[in-house]
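Colleague: Numbering (mature numbering (1 follows the signal peptide of the UniProt record, and there is no 0)), first residue to last: 8 to 352.
C-beta: ideal position from N, C-alpha, C; glycine also.
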Amino acid sequence: LTLKEAYKDKFLIGTALNTDHTNGSEKSTSLLIEEQFNTIVAENCMKPEEVHPSENIYDFRKADQFVEYGEKHNMFIVGHTLIWHSQVPDWFFENEDGTTCSRERLIERMREHIYTVVGRYKGRIHAWDVVNEAIDDLEGLRKSKWYQIIGEDYIELAFQFAHEADPNAELYYNDYSLILSHRREEAVKLIKKLQEKEIKVDGIGMQAHYGLDYVKIPDFERSITEFSALNIKVMLTELDISVLPFPTEKISAEISQKYEMLPEYNPYTDTLPDSIQQQLAQNYVDLFKVLLKYEDKVSRITFWGVNDEHSWRNDWPIEGRTDHPLLFDRNNQPKEAYYSIIELG
Ligand code: XIL
Numbered sequence: 008l009t010l011k012e013a014y015k016d017k018f019l020i021g022t023a024l025n026t027d028h029t030n031g032s033e034k035s036t037s038l039l040i041e042e043q044f045n046t047i048v049a050e051n052c053m054k055p056e057e058v059h060p061s062e063n064i065y066d067f068r069k070a071d072q073f074v075e076y077g078e079k080h081n082m083f084i085v086g087h088t089l090i091w092h093s094q095v096p097d098w099f100f101e102n103e104d105g106t107t108c109s110r111e112r113l114i115e116r117m118r119e120h121i122y123t124v125v126g127r128y129k130g131r132i133h134a135w136d137v138v139n140e141a142i143d144d145l146e147g148l149r150k151s152k153w154y155q156i157i158g159e160d161y162i163e164l165a166f167q168f169a170h171e172a173d174p175n176a177e178l179y180y181n182d183y184s185l186i187l188s189h190r191r192e193e194a195v196k197l198i199k200k201l202q203e204k205e206i207k208v209d210g211i212g213m214q215a216h217y218g219l220d221y222v223k224i225p226d227f228e229r230s231i232t233e234f235s236a237l238n239i240k241v242m243l244t245e246l247d248i249s250v251l252p253f254p255t256e257k258i259s260a261e262i263s264q265k266y267e268m269l270p271e272y273n274p275y276t277d278t279l280p281d282s283i284q285q286q287l288a289q290n291y292v293d294l295f296k297v298l299l300k301y302e303d304k305v306s307r308i309t310f311w312g313v314n315d316e317h318s319w320r321n322d323w324p325i326e327g328r329t330d331h332p333l334l335f336d337r338n339n340q341p342k343e344a345y346y347s348i349i350e351l352g
């Protein structure tokens, strides 16, 4: 049994992909993807900095490859992401002389961007993460450039433009740490507001970049209940569980430092000790038990990457560590966590 088979009538099971996984240069990874997953999301190749590096230049080479790969294997294809504060080039927000552009100009650029990107894959990309990470860590909405220049209606405008560009695509709001109470409440507010204005929103993505023993299961469960009460799809969209300590206090000052400089955060080496393997498996099992309890509300579980080698968690929140957050190891071998999840399914 593979993941997608074990959860066949319950959830779509997915992974984030970069094109080097799909262009044939990594055969064993491609095979693994094809047997284990039935949905894919673009890890980087559809972000504005990749597809729209300057105002009059679009580059869809990688994005096209990604979509063709998904179509070839009959997968549910998710586009990620249209409007985000990160991995977006500065030109969006500037006039030719470098001053901040007007609300009207930014709205027009946003419309053009969304029409072009969503329009290109109309009927082929099944769902979009329309707005990503719009909620602030302390309170309210994030004061991103989108927010500062357009105002908080940038969110509804983005959804409206995406809907106009492909009326049949599912449209999602996606964010991290939605198990924290203020972020959960803010997300509920955001979705309700869209619904009150009759803006089409089909789902909410909980990114789920977790760590060992980071998730309080009752909080996780509460988010799933509250989000599903909004009558939208609930998804885990970027699941990974880091086995390394999360350096909360050091993160801003030392984020780019190598782990050697932080002996207290020494990462585990290439092989994961058995005790940590088991802990990782248990953490996944705890999450999946809740997800199964809500199987009629949860539509998709997507891992943020295929194997530990390519996981972004090796470089976040600190660069250069060796992490083991996924279900497959550096040789594409299934880990204990994999077998535990299969067994639950
Ligand atoms: C990450 C990618 O995995 C990295 O390769 C890239 O360098 C930075 O972005 N939230 C998101 C994702 O919505 O797009 C991010 O992906 C991880 C956090």
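Confirm, please, whether the CB-CB distance from residue 130 to residue 175 is below 8 Å.
Modeller: Yes.
Colleague: So within the segment 153 to 225, which uninterrupted alpha helix (DSSP H) runs reach at least 4 residues, ignoring any that extend past its ends?
Modeller: List check, alpha helix (DSSP H) in window: 161 to 172 and 188 to 203.
Colleague: Is residue 128 helix, strand or coil when you go by DSSP?
Modeller: Residue 128: coil per DSSP, three-state reduction.
Colleague: Distance check for residue 293 and residue 224, CA to CA, integer angstroms please.
Modeller: One C-alpha to the other measures close to 7 Å.
Colleague: Along the chain, where does the alpha helix (DSSP H) that runs through residue 290 open and close?
Modeller: That run of the alpha helix (DSSP H) goes 281 to 300.
Colleague: Can you tell me whether residue 110 is buried or exposed, with buried defined as 16 or more other CB within 10 angstroms of its CB?
Modeller: Flag for residue 110 reads exposed.
Colleague: What are the boundary residues of the beta strand (DSSP E) that residue 71 is part of?
Modeller: No beta strand (DSSP E) contains residue 71, which is instead part of the alpha helix (DSSP H) from 68 to 79.
Colleague: Going by the beta-carbon positions, is the gap between residue 297 and residue 228 smaller than 8 Å?
Modeller: Yes, the pair counts as a contact, with Cβ atoms nearer than the cut-off.
Colleague: Tell me whether residue 96 sits in a helix, a strand or coil according to DSSP, three-state version.
Modeller: It is coil, neither helix nor strand.
Colleague: Does DSSP classify residue 318 as helix, strand or coil?
Modeller: It is coil, neither helix nor strand.
Colleague: Under three-state DSSP, which class holds residue 61?
Modeller: Of the three classes helix, strand and coil, the one that applies to residue 61 here is strand, per DSSP.
Colleague: Do residue 181 and residue 139 have their CB atoms nearer than 8 Å?
Modeller: Taking 8 Å as the Cβ cut-off, residue 181 and residue 139 qualify as a contacting pair.
Colleague: Go through its chain and collect everything with a Cβ distance to residue 219's Cβ below 8 Å, but skip five positions before and after it.
Modeller: Result list for residue 219: 248, 249, 250, 283, 286, 287 and 290, in chain order.
Colleague: Select from 41, 105 and 122 the residue whose C-alpha is nearest the C-alpha of residue 83.
Modeller: Comparing Cα-Cα distances from residue 83 to each of 41, 105 and 122, the minimum goes to 41.
Colleague: Going by DSSP, what residue range makes up the beta strand (DSSP E) through residue 245?
Modeller: First-last of the beta strand (DSSP E) with residue 245: 240 to 249.
Colleague: May I ask which residues mark the beginning and end of the beta strand (DSSP E) holding residue 151?
Modeller: No beta strand (DSSP E) contains residue 151, which DSSP labels as neither H nor E.
Colleague: Should residue 139 be counted as a contact of the ligand XIL given a C-beta to heavy atom distance under 7 Å?
Modeller: Answer for residue 139: yes, Cβ within range of the ligand XIL.
Colleague: Whose C-alpha, out of 72, 49, 246 and 207, is nearest the C-alpha of residue 165?
Modeller: With distances taken between Cα atoms, residue 165 lies closest to 207.
Colleague: Determine the DSSP secondary structure at residue 266, reduced to helix, strand or coil.
Modeller: Low confidence applies to residue 266: its pLDDT is 43, below 50, so where it sits in the model is not reliable, and the reading given next is rough at best. Reduced to three states, the DSSP call for residue 266 is helix.
Colleague: Please identify the residue among 35, 45 and 36 whose C-alpha is closest to the C-alpha of residue 306.
Modeller: Minimum Cα distance to residue 306 is reached at 45.
Colleague: Look at the alpha carbon of residue 171 and the alpha carbon of residue 160, and state the distance between them as a whole number of angstroms.
Modeller: In a straight line, the C-alpha of residue 171 is about 16 Å away from that of residue 160.
Colleague: For residue 286, is the beta carbon positioned less than 7 Å from some heavy atom of the ligand XIL?
Modeller: No, Cβ of residue 286 sits at least 7 Å from all heavy atoms of the ligand XIL.
Colleague: Do residue 26 and residue 52 have their beta-carbon atoms positioned less than 8 Å apart in this structure?
Modeller: Their beta carbons are under 8 Å apart, which means residue 52 touches residue 26 by this criterion.
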